[in-house]
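These notes are about the structure you will find just below.
Protein chains in written order, with the numbering used here: chain A, 22 to 318; chain B, 283 to 704.
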């Protein structure tokens, strides 16, 4: 019996030896919900991670439907990087349940919600009005480069907990991301003349006020996630008539009501991409350039 | 045809209701009780129905399904819609989440009955893609069976699900083990050991003389597969099957009663495809799906006259196919075609032979307006073409007139609701 066990042990040893050699730097499988979170994962994790992004850049992560392939990705993941603050509440919990991957349970190192290390900007809508109110704050933190920097550092700490041997590399990558991003911001701000008055379709653009000389003066939506009624639009137009400003919305949002306000006021309208085209730092830098290009015309 | 409230009058009524009372829809925020996250929701459902021709009937060969009072099987309430206002299917749902497992309670109610529909625990912390569910739950076979009525694309449960598994689908006490494979494509396997107290292939009618076999009496298995087709397309295909140790049917004939006793098995396949156009509020999206089930029952006569009966193998099946398209933001339209009893060989009482019944069909078309993410109004037109039962000893089926039905459904969900599955 002992000889048999020894033989089995040797056989396993031989079988595992090559993979053990490869496993010197096992790549962590990271599933990021949005492309912005994919930027964080890939930038900070570098070649120590394989990154899979669940939501396409032109989709609203809030209203997405769960797909079976999401479950497959989550099943094999070592870590899930979500925005949190209920952005993915409509589909991620169901996909996580079906994936039955205990590494990704809330409270485990494998579950990382970007919103947690941040104080989010509070929702700008009055909860008493109804609509789709985010009780935990405005989850669209990727519209704020300073908050993306905070998330990158927090994620580096989390990766370090899962792969301590690479902790310095993660921290260095987060610091490099911070430097690259911060060095771009002054030039971007400088391209605005007078502070820009913005009317946004939805409240995600509230984050622009943190790092750009813009002021949010109104919303096309009266209640978040609910199509605005004509009375609200008329009121908004009346309030802003005769003033200068710009209308913004996300490229996946319905344009008709914002278009009406823009036409009435004679303001320019910009339907902006809110997510980088691919999950890497260069795409994110290109995205914030795109925002400033559009707004600072 | 002297209705006080015609459907045409009701639609503006519903619209006025929404215009007057905007419903606050809170984001899906859970209540925190210590370490426990609690989701609580209330779903209210109401249906206005109007049958324009024919009358409510039962598809030939499925007359032994409960609710058919000719056969003496008394269920607490009938699920048939009556002309005018109907209570629909309302629910109170609670889900408590902890680190190790979730507890789920669903209480279904209408204006007459309150019933615990689901009450189960499901694990969260088992390793390697394993999950165990224990309690009373909707079986995960197929596609529609585990979905609650407010998730359906049409007002009514598909015929095949209703007549092969019961008015509540396959809803049983038991244990489920499922395993999600660590593969690039989604793949999940599951087995369920169930008590077998249902109304379908595990039925046991009151009045049978043979002893009830001890439980668990029903064993099911399912497999689901979903390849990665990119951001716009999603597909899930499934197969399922199961066996029931006992199937007992009673037929009361006034002064005497017949019954047959046997066992049963089923097999089925299901497919659901979704197209996500990426526009707001579901515009341009498609859902196309269907299911097929086949059931065989090996039955013989129970009771004293057993010697004069042979054993028979009953064969029945059913299928549906449906397509729903988002033709505008918040608006969708769908069509569904259903067939029941394409194979329809059943034992008839008195004639000691297997009879062959005709197939029944149903066609539905619906338009749904989702006023909010969690509130919808649905108008549905349904054509029922149910085959009539053949009379004793006769080859001619008793004709059932086809029926046209109009239904207007109002469904609202309040509170925090678990995320939707595919």
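Glycine included, every Cβ here is placed at the ideal spot set by N, Cα and C. Being a predicted model, the structure only gives us computed values, none of them experimental.
9 Å Cβ cutoff met for residue i and residue j
{"i": "residue 108 of chain A", "j": "residue 233 of chain A", "result": "no"}
{"i": "residue 505 of chain B", "j": "residue 472 of chain B", "result": "yes"}
{"i": "residue 549 of chain B", "j": "residue 521 of chain B", "result": "yes"}
{"i": "residue 327 of chain B", "j": "residue 692 of chain B", "result": "yes"}
{"i": "residue 560 of chain B", "j": "residue 305 of chain A", "result": "no"}
{"i": "residue 198 of chain A", "j": "residue 173 of chain A", "result": "yes"}
{"i": "residue 531 of chain B", "j": "residue 494 of chain B", "result": "no"}
{"i": "residue 96 of chain A", "j": "residue 68 of chain A", "result": "no"}
{"i": "residue 104 of chain A", "j": "residue 73 of chain A", "result": "no"}
{"i": "residue 225 of chain A", "j": "residue 194 of chain A", "result": "no"}
{"i": "residue 130 of chain A", "j": "residue 100 of chain A", "result": "yes"}
{"i": "residue 643 of chain B", "j": "residue 620 of chain B", "result": "yes"}
Distance between residue j and residue i (C-alpha atoms, nearest Å)
{"i": "residue 597 of chain B", "j": "residue 497 of chain B", "result": "24 Å"}
{"i": "residue 353 of chain B", "j": "residue 671 of chain B", "result": "Low per-residue confidence applies at residue 353 of chain B: pLDDT is 39, beneath 50, and the placement is therefore not dependable enough to give any value."}
{"i": "residue 341 of chain B", "j": "residue 362 of chain B", "result": "13 Å"}
{"i": "residue 650 of chain B", "j": "residue 641 of chain B", "result": "29 Å"}
{"i": "residue 325 of chain B", "j": "residue 654 of chain B", "result": "14 Å"}
{"i": "residue 636 of chain B", "j": "residue 583 of chain B", "result": "12 Å"}
{"i": "residue 86 of chain A", "j": "residue 120 of chain A", "result": "16 Å"}
{"i": "residue 217 of chain A", "j": "residue 264 of chain A", "result": "11 Å"}
{"i": "residue 564 of chain B", "j": "residue 80 of chain A", "result": "12 Å"}
{"i": "residue 291 of chain A", "j": "residue 268 of chain A", "result": "6 Å"}
{"i": "residue 630 of chain B", "j": "residue 489 of chain B", "result": "18 Å"}
{"i": "residue 179 of chain A", "j": "residue 160 of chain A", "result": "20 Å"}
{"i": "residue 311 of chain A", "j": "residue 213 of chain A", "result": "14 Å"}
{"i": "residue 228 of chain A", "j": "residue 284 of chain A", "result": "25 Å"}
{"i": "residue 459 of chain B", "j": "residue 206 of chain A", "result": "53 Å"}
{"i": "residue 330 of chain B", "j": "residue 689 of chain B", "result": "6 Å"}
{"i": "residue 404 of chain B", "j": "residue 452 of chain B", "result": "18 Å"}
{"i": "residue 648 of chain B", "j": "residue 518 of chain B", "result": "24 Å"}
{"i": "residue 475 of chain B", "j": "residue 62 of chain A", "result": "42 Å"}
{"i": "residue 127 of chain A", "j": "residue 113 of chain A", "result": "12 Å"}
{"i": "residue 430 of chain B", "j": "residue 221 of chain A", "result": "37 Å"}
{"i": "residue 424 of chain B", "j": "residue 704 of chain B", "result": "12 Å"}
{"i": "residue 326 of chain A", "j": "residue 238 of chain A", "result": "What the structure shows of chain A is the stretch from 22 to 318, and residue 326 of chain A is not part of that stretch, so it cannot be assessed."}
{"i": "residue 576 of chain B", "j": "residue 282 of chain A", "result": "58 Å"}
{"i": "residue 335 of chain B", "j": "residue 579 of chain B", "result": "34 Å"}
Residue i in three-state terms, based on DSSP
{"i": "residue 227 of chain A", "result": "helix"}
{"i": "residue 199 of chain A", "result": "helix"}
{"i": "residue 344 of chain B", "result": "coil"}
{"i": "residue 667 of chain B", "result": "strand"}
{"i": "residue 619 of chain B", "result": "strand"}
{"i": "residue 432 of chain B", "result": "helix"}
{"i": "residue 317 of chain B", "result": "coil"}
{"i": "residue 118 of chain A", "result": "helix"}
{"i": "residue 62 of chain A", "result": "helix"}
{"i": "residue 307 of chain A", "result": "helix"}
{"i": "residue 635 of chain B", "result": "coil"}
{"i": "residue 288 of chain A", "result": "coil"}
{"i": "residue 318 of chain A", "result": "coil"}
{"i": "residue 376 of chain B", "result": "strand"}
{"i": "residue 179 of chain A", "result": "helix"}
{"i": "residue 282 of chain A", "result": "helix"}
{"i": "residue 312 of chain A", "result": "helix"}
{"i": "residue 68 of chain A", "result": "helix"}
{"i": "residue 369 of chain B", "result": "coil"}
{"i": "residue 171 of chain A", "result": "helix"}
{"i": "residue 672 of chain B", "result": "strand"}
{"i": "residue 97 of chain A", "result": "helix"}
{"i": "residue 128 of chain A", "result": "coil"}
{"i": "residue 444 of chain B", "result": "helix"}
{"i": "residue 604 of chain B", "result": "strand"}
{"i": "residue 564 of chain B", "result": "helix"}
{"i": "residue 300 of chain A", "result": "coil"}
{"i": "residue 187 of chain A", "result": "helix"}
Expected contact under 8 Å - CB spacing of residue i and residue j to nearest Å
{"i": "residue 60 of chain A", "j": "residue 298 of chain A", "result": "Their Cβ separation, rounded to whole angstroms, is 11 Å, which puts residue 60 of chain A and residue 298 of chain A out of contact at 8 Å."}
{"i": "residue 191 of chain A", "j": "residue 177 of chain A", "result": "4 Å"}
{"i": "residue 92 of chain A", "j": "residue 468 of chain B", "result": "5 Å"}
Chain D within 9 Å of residue i, Cβ atoms only
{"i": "residue 81 of chain A", "result": "Among the protein chains in the structure shown, which are A and B, there is no chain D."}
>> To test your reading of the DSSP string, which unbroken beta strand (DSSP E) runs of 3 or more residues are found completely within the region 385 to 428 of chain B?
In response: 396 to 405 and 412 to 420
> In chain order, which continuous runs of the beta strand (DSSP E) of length 3 or greater are located wholly inside the region 465 to 540 of chain B?
Replying inline: 468 to 476, 500 to 508 and 515 to 535
> Hey, which unbroken runs of the beta strand (DSSP E) at 3 residues or more fall wholly within the region 206 to 269 of chain A?
Replying inline: 217 to 221 and 235 to 240
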